[in-house]
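Engineer: Before anything else, here's the structure in question.
Number of protein chains: 2
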Amino acid sequence: MIFQWFMSENKTGEFLKKYLDYQNQNLPVGNPDSLYEPARYILNLGGKKIRPLLCILGYDLFSEDTETAFPLALASEVFHNFTLVHDDIMDNASLRRGEKTVHVKWDVNQAILTGDTMLVDAVNRLIKLNTTPDLRINILYEFTTMADEVCRGQQLDVEFAQKKVVSEEEYLEMIRLKTSVLLGFCLKSGALLGGASETDAQILYEAGIQQGIAFQIMDDLLDVFGESEFGKVRGGDILENKKTLLMLHLLNHADRNDVQEIYKWFELREPEHEKIRFFTELFRKYDSDAYVRNVMMEKFNEADLLLNDLRKSRDFTALDGLFTSLKSRQI
Amino acid sequence: MIFQWFMSENKTGEFLKKYLDYQNQNLPVGNPDSLYEPARYILNLGGKKIRPLLCILGYDLFSEDTETAFPLALASEVFHNFTLVHDDIMDNASLRRGEKTVHVKWDVNQAILTGDTMLVDAVNRLIKLNTTPDLRINILYEFTTMADEVCRGQQLDVEFAQKKVVSEEEYLEMIRLKTSVLLGFCLKSGALLGGASETDAQILYEAGIQQGIAFQIMDDLLDVFGESEFGKVRGGDILENKKTLLMLHLLNHADRNDVQEIYKWFELREPEHEKIRFFTELFRKYDSDAYVRNVMMEKFNEADLLLNDLRKSRDFTALDGLFTSLKSRQI
Chain A
902 MIFQWFMSEN KTGEFLKKYL DYQNQNLPVG NPDSLYEPAR YILNLGGKKI
952 RPLLCILGYD LFSEDTETAF PLALASEVFH NFTLVHDDIM DNASLRRGEK
1002 TVHVKWDVNQ AILTGDTMLV DAVNRLIKLN TTPDLRINIL YEFTTMADEV
1052 CRGQQLDVEF AQKKVVSEEE YLEMIRLKTS VLLGFCLKSG ALLGGASETD
1102 AQILYEAGIQ QGIAFQIMDD LLDVFGESEF GKVRGGDILE NKKTLLMLHL
1152 LNHADRNDVQ EIYKWFELRE PEHEKIRFFT ELFRKYDSDA YVRNVMMEKF
1202 NEADLLLNDL RKSRDFTALD GLFTSLKSRQ I
Chain B
902 MIFQWFMSEN KTGEFLKKYL DYQNQNLPVG NPDSLYEPAR YILNLGGKKI
952 RPLLCILGYD LFSEDTETAF PLALASEVFH NFTLVHDDIM DNASLRRGEK
1002 TVHVKWDVNQ AILTGDTMLV DAVNRLIKLN TTPDLRINIL YEFTTMADEV
1052 CRGQQLDVEF AQKKVVSEEE YLEMIRLKTS VLLGFCLKSG ALLGGASETD
1102 AQILYEAGIQ QGIAFQIMDD LLDVFGESEF GKVRGGDILE NKKTLLMLHL
1152 LNHADRNDVQ EIYKWFELRE PEHEKIRFFT ELFRKYDSDA YVRNVMMEKF
1202 NEADLLLNDL RKSRDFTALD GLFTSLKSRQ I
């Protein structure tokens, strides 16, 4: 993904190059360095840099000199990576972007403590944003509201794993909190920093939320129907009995016999290949994939609709490019 | 300790009563409540409320209407309790103030996530302080600087446990970071919120640092020579081979035979009673206790000296009362 932007001679590619230079020169450092090294490690693992780009492109809608948005972009990236470090402990995940997770490469204690420092680091970057104290307070308030919601989403995610029944509404609220509000924050805070009105910034926030939910649903689809990606197990959600929208639809529509079979498979993890094939076939049998694709498209459309008015006065070429590129992943 | 203040009809007792009412009415809540319940649990375990009182008394030096300082006081208390929740995981501690620690009563994942929420909660309270955006930014910056230092102190503490040689200077720097900077922050931010000049607030900060170091050294002494307290194991530092100032002095002064014995005991945890007696006798033999008491008194004196000028224009009766009460613990 990143290389695709690098290769392209468009504005976003330029922004990304400059931002990555900025990030490399402003990584967390301190004494003792052993506290900050794991933070640099995870920040250097790559990733698509969607959150920094959303901050920058949100800013770019309203102002030039996009470099003013770089500290905000990096704060969002540091915060995102803090959540990865702590979530990977909770999910017992050993790989992240194809490399060892922080609590595996170091240990759980180090991952907890470095994660804490990263959260503090993100706040610190926001405090020092190059704008008025009023706007900094405003953006900080958006940030803590969002950060609290992300914790609530993670709590729901953990609790859903133990619950027998989760409604579609509950699932959508969980992914809104766990992943979408951060994307909304990036767009909104970028726009606010660029001088957007509260109204315009809020529209971008809402659109970001809808797009975030759509992308999460797309991730769920890709996990089952996509090509295997480096560092990601295809069918991983199936193996872990994750209550994705696909699974919720299936559970609501499968006949008695199939439901019995499903619960039998929930007790088993192996043979992996067979378990994945069993669920994939059922998803197709009950048109769960078509249904979920439909929900995803609705969310993308809602986002488009929200932006209709703003498009008249602002140039969305770069943002549209980013979203099109993200949407073009094969499902 | 708390009851001592309640019983006394002085200003501090009044502040504490009002503050506790405020805290009880403003505890962390949210949805799902399961995320916030462990936060309320640890905040309700008691404790001496030194940090809130330092915020309030720092404010009281410069302004009346001390209730303005309550959100700051609660932010400091929430932050302090966040560090307890995460440190207890890292230290594998099962008891806190005589009750189960959060990761024992719930589990490690819950303790990580609720701790994260508490850190966000503390920042959120500071953002909303009832003062100018400029001063809020100023206090927030003091806060993130302090919070980063507290993480660095915890990192050093963990690393010292594995190190063979720690110098006295390194130990003092570790406790400055791990425990004192928060006390300094409480006094300074309280004073700033009350309208103190940066200079006066900084003097209070420095005095808070010295007092914080002195109190930590006092805790180390109490752990060996004090009366057993509810929820605290007397001699706990000895059993865990903690490199307190007492131990560092002993290691630097013991003769070859005693050093050999010391390293033998480092390999053993039992019999506990004998291990504690062995070290207690050596501390006395080499006058380590007298030396450490002396360092502690020096720090208290430095704090006094720093405050000399400020005493001429401000009424320190309440703050002196708090410090005298803390100092009067038997060692």
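In order, the protein sequence lines correspond to chains A and B. The first sequence begins at 902 in our numbering and counts up by one. The second sequence begins at 902 in our numbering and counts up by one. Don't be surprised by glycine CBs; every beta carbon is placed ideally from N, CA and C. Predicted, not measured: the structure shown is a model, and the values here were computed from it.
(1) Within the 8 Å Cβ cut-off, does H1154 of chain A reach chain B?
(2) Excluding the 5 residues flanking V1196 of chain B on each side, which residues of the same chain have their C-beta closer than 7 Å to its C-beta?
(3) Kindly indicate if chain A contains any beta-carbon less than 8 Å away from that of D1188 of chain B.
(4) With burial defined as no fewer than 16 other Cβ atoms inside 10 Å of the residue's Cβ, what is the status of G999 of chain A: buried or exposed?
(5) How about the segment 1049-1068 of chain B and the segment 912-926 of chain B: do they share at least three Cβ pairs that are nearer than 8 Å?
(6) So, for L936 of chain B: in the same chain, excluding its five sequence neighbours on each side, which residues have a beta-carbon less than 7 Å away from its beta-carbon?
(7) Out of A:E1099, A:L1207, A:T1225 and A:H1154, state which residue places its alpha-carbon closest to the alpha-carbon of F1116 of chain A.
(8) Quick test of the definition: if touching needs 3 or more C-beta pairs under 8 Å, does the segment 966-977 of chain A touch the segment 1083-1102 of chain A?
(9) Please report how far the alpha carbon of V1024 of chain B lies from the alpha carbon of S1189 of chain A, in whole angstroms.
(10) Taking only beta carbons into account, state which residues of the segment 956-983 of chain A come closer than 9 Å to chain B, listed in chain order.
(11) Using the Cα positions of L1083 of chain A and K949 of chain A, report the straight-line distance between them to the nearest angstrom.
(12) What are the residues in the segment 930-945 of chain B lying within 8 Å of chain A by C-beta distance?
(13) Does the distance from the CB of Q1112 of chain A to the CB of F1201 of chain A come in under 8 Å?
(14) Would you tell me roughly how many angstroms separate the C-alpha atoms of V1005 of chain B and N1158 of chain A, rounded to the nearest one?
(15) Measure from the C-beta of Q1055 of chain A to each C-beta in chain B and report whether the shortest distance is under 8 Å.
(16) Nearest CA to the CA of K1065 of chain B: which residue from B:K912, B:K1144, B:L1223 and B:Y960?
(17) Any C-beta of chain A sitting closer than 8 Å to the C-beta of G1004 of chain B?
(18) Give the list of continuous alpha helix (DSSP H) stretches no shorter than 4 residues that lie fully inside the segment 1104-1152 of chain A.
(19) For R1037 of chain A, go through chain B and note every residue whose CB falls closer than 7 Å to its CB, in chain order.
(20) Just curious, the alpha helix (DSSP H) that L954 of chain A is in, first and last residue?
(21) What's the C-alpha gap between S1068 of chain A and L1149 of chain A?
(22) Could you give the distance in angstroms between the alpha-carbon of A1062 of chain B and the alpha-carbon of G1137 of chain B?
(23) Roughly how far, in whole angstroms, is the beta-carbon of L975 of chain A from the beta-carbon of P953 of chain A, given that I think they are within contact range, below 8 Å?
(24) Check the Cβ of C1289 of chain A against every Cβ in chain B and list those closer than 8 Å, keeping chain order.
(25) Below 8 Å between beta carbons is the criterion; list the residues of the segment 989-1000 of chain B that meet it against any residue of chain A, in chain order.
(26) If you measure between the beta carbons of A994 of chain A and P939 of chain A, is that distance less than 8 Å?
(27) Look at the alpha carbon of L1041 of chain A and the alpha carbon of E1168 of chain A, and state the distance between them as a whole number of angstroms.
(28) Does the beta carbon of E1141 of chain A come closer than 8 Å to any beta carbon on chain B?
(29) With 8 Å as the limit, tell me which residues of the segment 1048-1079 of chain A have their beta carbon closer than that to any beta carbon of chain B; keep them in chain order.
(30) Can you tell me whether DSSP reads E1000 of chain B as helix, strand or coil?
(31) Under 7 Å between beta-carbons, which chain A residues line up against T1032 of chain B? List them in chain order, please.
(32) Would you mind stating whether L1211 of chain A and G1095 of chain A have Cβ atoms separated by less than 8 Å?
(33) For V1082 of chain A, return the contacting residues in chain B, with the cut-off set at a CB-CB distance below 9 Å.
(34) State yes or no: is the beta carbon of I1013 of chain A nearer than 8 Å to at least one beta carbon in chain B?
(35) Using three-state DSSP, classify S1098 of chain A as helix, strand or coil.
(36) Going by beta carbon distance, what residues of the same chain come within less than 6 Å of H981 of chain A, once the five residues before and after it are set aside?
Structural biologist: From the atom records:
(1) no
(2) I1118 and L1146
(3) no
(4) exposed
(5) no
(6) L1014, T1015 and T1018
(7) A:T1225
(8) yes
(9) 43 Å
(10) F983
(11) 15 Å
(12) G931, N932, P933, S935 and L936
(13) yes
(14) 41 Å
(15) yes
(16) B:K1144
(17) The residue asked about is misnamed: residue 1004 of chain B is His in this sequence, not Gly. No, no contact with chain A.
(18) 1137-1140
(19) I1038
(20) I951 to D961
(21) 7 Å
(22) 14 Å
(23) 7 Å
(24) The shown model of chain A, from 902 to 1232, leaves out residue 1289 of chain A, and the question about it has no answer.
(25) I990 and M991
(26) no
(27) 45 Å
(28) no
(29) A1048, D1049, C1052, R1053, Q1055, Q1056, L1057, V1059 and E1060
(30) strand
(31) Under the 7 Å cutoff, chain A gives no residues; its nearest Cβ is about 11 Å from T1032 of chain B.
(32) no
(33) None at all; the shortest Cβ gap to chain B is about 13 Å.
(34) yes
(35) coil
(36) R952
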